[in-house]
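Asker: Next up is a structure, given as structure tokens.
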Amino acid sequence: MIATANSWRDALSIYLHRRVIGMLFLGFSAGLPLPLVFSTFNTWLRDVGISRTTIGFLSAVGLAYAFKVLWSPIVDRLEIPFLTRKLGQRRSWMLFAQFMIVVGLTFMAASDPATQLTQVAIAAFLVAFSSATQDIAIDAYRIEAVDADRQGAMAATYIYGYRIAMIVGVAGSLYLADYVSWSFAYLVMAVCMSVGIITTLVITEPKRIISPLTLELERKMARMLHADPNSVSLFTRIEAWFVGAVIGPFAEFFSRNGARAAIILALVSVYLISDYILGIMASPFYIDMGYTKTEIANVAKLFGLAMTLIGAGLGGILAVRFGVMRILLLGAILLAVTNMTYAWLATSTPDLWRLAVVIAADNMSGGVASVAFIAYLSSLTNTAYTATQYALFSSLMKIPGKIAGLFSGLAVDTFGYPTFFLAAAATGIPAILLVIYLVRTEETQSPKEPA
Numbered sequence: 310m311i312a313t314a315n316s317w318r319d320a321l322s323i324y325l326h327r328r329v330i331g332m333l334f335l336g337f338s339a340g341l342p343l344p345l346v347f348s349t350f351n352t353w354l355r356d357v358g359i360s361r362t363t364i365g366f367l368s369a370v371g372l373a374y375a376f377k378v379l380w381s382p383i384v385d386r387l388e389i390p391f392l393t394r395k396l397g398q399r400r401s402w403m404l405f406a407q408f409m410i411v412v413g414l415t416f417m418a419a420s421d422p423a424t425q426l427t428q429v430a431i432a433a434f435l436v437a438f439s440s441a442t443q444d445i446a447i448d449a450y451r452i453e454a455v456d457a458d459r460q461g462a463m464a465a466t467y468i469y470g471y472r473i474a475m476i477v478g479v480a481g482s483l484y485l486a487d488y489v490s491w492s493f494a495y496l497v498m499a500v501c502m503s504v505g506i507i508t509t510l511v512i513t514e515p516k517r518i519i520s521p522l523t524l525e526l527e528r529k530m531a532r533m534l535h536a537d538p539n540s541v542s543l544f545t546r547i548e549a550w551f552v553g554a555v556i557g558p559f560a561e562f563f564s565r566n567g568a569r570a571a572i573i574l575a576l577v578s579v580y581l582i583s584d585y586i587l588g589i590m591a592s593p594f595y596i597d598m599g600y601t602k603t604e605i606a607n608v609a610k611l612f613g614l615a616m617t618l619i620g621a622g623l624g625g626i627l628a629v630r631f632g633v634m635r636i637l638l639l640g641a642i643l644l645a646v647t648n649m650t651y652a653w654l655a656t657s658t659p660d661l662w663r664l665a666v667v668i669a670a671d672n673m674s675g676g677v678a679s680v681a682f683i684a685y686l687s688s689l690t691n692t693a694y695t696a697t698q699y700a701l702f703s704s705l706m707k708i709p710g711k712i713a714g715l716f717s718g719l720a721v722d723t724f725g726y727p728t729f730f731l732a733a734a735a736t737g738i739p740a741i742l743l744v745i746y747l748v749r750t751e752e753t754q755s756p757k758e759p760a
């Protein structure tokens, strides 16, 4: 269980912790690459005449975020020669991933999607894969750096930095593309990754606490599979590493949560699905409605950022004051309701005031929901397997939306924007029902603490 603050003053003071403040810059580093392979990338593609159906299928590069759990055990346990010894496990993987993001963005800047679409897609995948790897390391650092009662605040400042980076990656890129070129915009974004690189070099490595219960669980599994890390056989040593790094995180999670584990994983997989489905077509929607790139930058991005930051700050305070589960339910309801406003916008003529209303509602609700969701997921992990278990959760929360998003362009072409947006909002209903179930069961039983 996550403790709640006794007063509003206690809830606000949590933002003064130095590591909570530091998450602002790591959040920026995590958030910058995302729009450059999603919304900004989609706008670029549409701007040069790439079809909506092709844009929808090219969103497959983002599946790297959805399936990052597959290589998260490597980030959790495997050391990078020289770097890990100097920086530690979390910081070394952050730095390596950040360097590869810079490489990928530079290649994108040197390519023209109108004539080199395959080359651009490969470079975009490198950025997405490296960004997903960076996310694994940053998420593990965030969870290990502070106690559970500060996770809501860590999530809020992370989102602050993340959203600021996204506005740089979207609005900043749109401005640069409008007045200079898309290639120049992506080159500038590669330079902006220096924020993450500098932060990684400045922060200190968190201490990892592994409980005796977790160590005993690993030993039992190793004995069952006859895996000995001290064996002279290379195969046996690799098997022992696999038991601890890959099997251990999943066995521990199901052992600790019992029958609730399946319900928790179901919630994780559907909580943000409506936003993921809607998000892929948002930027093409603005273009098709007739808004200019500058108008999109000013209202959908800059004004939207302000609304998200307000929502995130409010979400962090509410989570500390009233508990994560109540705000998790509030966020699920708000996500479904506010996504329906896009259908209303799609039936009207272009109007900046209507766009502002939709953006305000959607982004504020997204800020509240994201803080509660991140804090909830953080509370579910065991520090022995932080990177792997959180990567499992973050992969699960993306897979359904990413897969459905592959057909978003086709759905819009077939049914139109209003029907598409209403269907996207309806996908949020299962999340509401699952949160209600978990809240009710939590009131009748106390879940086990992470080992």
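Taking the working numbering, the leading residue of the sequence shown gets 310, the next gets one more, and so forth. Ideal placement from N, C-alpha and C gives every residue a C-beta, glycine not left out.
Is tyrosine 595 buried or exposed, if buried means 16 or more other CB atoms sit within 10 Å of its CB?
Answerer: Flag for tyrosine 595 reads buried.
Asker: Specify, as a first and last residue, the run of the alpha helix (DSSP H) that lysine 711 falls within.
Answerer: 708 to 714 is the extent of the alpha helix (DSSP H) around lysine 711.
Asker: Please specify which runs of the alpha helix (DSSP H), each continuous and at least 4 residues long, are wholly inside the region 555 to 594, giving them in chain order.
Answerer: If we require 4 residues or more, the alpha helix (DSSP H) runs fully inside the region 555 to 594 come out as 557 to 566, 569 to 579.
Asker: Are tyrosine 585 and lysine 711 close, meaning C-beta to C-beta below 8 angstroms?
Answerer: Yes. Within cutoff.
Asker: Would aspartate 448 be called buried (16 or more neighbouring beta carbons within 10 Å of its own) or exposed?
Answerer: With 16 or more Cβ atoms within 10 Å of its Cβ, aspartate 448 is classed as buried.
Asker: Residues in the same chain with beta-carbon distance under 6 angstroms from leucine 614, minus the five sequence neighbours each way, listed in chain order, please.
Answerer: Once the five neighbours on either side are set aside, the close Cβ partners of leucine 614 are Arg472, Ile476.
Asker: Residues in its own chain within less than 7 angstroms of alanine 720 by CB, not counting five upstream and five downstream?
Answerer: Closer than 7 angstroms at the Cβ level, and outside the excluded window around alanine 720, lie Phe729.
Asker: Using the Cα positions of alanine 665 and isoleucine 738, report the straight-line distance between them to the nearest angstrom.
Answerer: Rounded to whole angstroms, alanine 665 to isoleucine 738 spans 25 angstroms at the Cα level.
Asker: Starting from threonine 690, trace the alpha helix (DSSP H) in both directions and tell me its first and last residue.
Answerer: Here threonine 690 belongs to no alpha helix (DSSP H), and DSSP marks it neither H nor E.
Asker: Indicate the three-state DSSP secondary structure (helix, strand or coil) for arginine 259 in the structure shown.
Answerer: Look at the range of the chain in this structure, 310 to 760, and you will see that residue 259 is not part of it.
Asker: Are the CB atoms of phenylalanine 612 and isoleucine 668 within a distance shorter than 8 angstroms?
Answerer: Their beta carbons are under 8 angstroms apart, which means isoleucine 668 touches phenylalanine 612 by this criterion.
Asker: Cβ atoms of tyrosine 488 and methionine 417: under 8 angstroms apart, would you say?
Answerer: Contact flag unset, no.
Asker: Can you say whether tryptophan 662 is buried or exposed, counting buried as having 16 or more other CB atoms within 10 angstroms of its CB?
Answerer: By the neighbour-count rule (16 or more Cβ atoms within 10 Å), tryptophan 662 is not buried but exposed.
Asker: Can you tell me whether isoleucine 389 is helix, strand or coil according to DSSP?
Answerer: Coil.
Asker: Should phenylalanine 391 be labelled buried (16 or more other beta-carbon atoms within 10 Å of its own) or exposed?
Answerer: By the neighbour-count rule (16 or more Cβ atoms within 10 Å), phenylalanine 391 is not buried but exposed.
Asker: Using the C-alpha atoms, what's the distance from threonine 658 back to glycine 699?
Answerer: Here the sequence assigns tyrosine to residue 699, which means glycine is not the residue at that position. The alpha-carbon atoms of tyrosine 699 and threonine 658 are separated by roughly 43 angstroms.
Asker: Could you check where the alpha helix (DSSP H) with proline 727 kicks off and where it finishes?
Answerer: Where proline 727 is concerned, the enclosing alpha helix (DSSP H) stretches over 726 to 735.
Asker: Quick one: grab the DSSP three-state call for isoleucine 745.
Answerer: It is helical.
Asker: Grab me the residues of serine 704's own chain with a C-beta within less than 7 angstroms of its C-beta, minus the 5 sequence neighbours each way, in chain order.
Answerer: Hits under 7 angstroms: Ala375, Phe376, Lys377, Val378.
Asker: Assign phenylalanine 347 to one of three DSSP states: helix, strand, or coil.
Answerer: Residue state, collapsed to three classes: coil.
Asker: I need the boundaries of the alpha helix (DSSP H) containing glycine 413, first residue and last residue.
Answerer: Counting along the chain, the alpha helix (DSSP H) containing glycine 413 begins and ends at 398 to 418.
Asker: My output table needs one value for isoleucine 512: the three-state DSSP class, helix, strand or coil.
Answerer: DSSP places isoleucine 512 in coil when its eight states are reduced to three.
Asker: To the nearest angstrom, how far is it from the Cα of valine 429 to the Cα of methionine 616?
Answerer: C-alpha separation (whole angstroms): 32 angstroms.
Asker: When we look at the beta-carbon of leucine 387 and count the other beta-carbons within 10 Å, is it buried (16 or more) or exposed?
Answerer: Answer is exposed; the Cβ neighbour count stays below 16.
Asker: For isoleucine 572, collect the residues of the same chain with a Cβ closer than 7 angstroms to its Cβ; drop the 5 residues on either side in sequence, then sort them by chain order.
Answerer: Only Leu743, Tyr746, Leu747 meet the Cβ criterion.
Asker: Mind checking glycine 481: buried by the 16 CB within 10 Å criterion, or exposed?
Answerer: By the 10 Å Cβ count, glycine 481 comes out buried.
Asker: Do three or more CB pairs link the region 670 to 690 to the region 360 to 367 at distances below 8 angstroms?
Answerer: With the cut-off at 8 angstroms, the region 670 to 690 and the region 360 to 367 do not touch.
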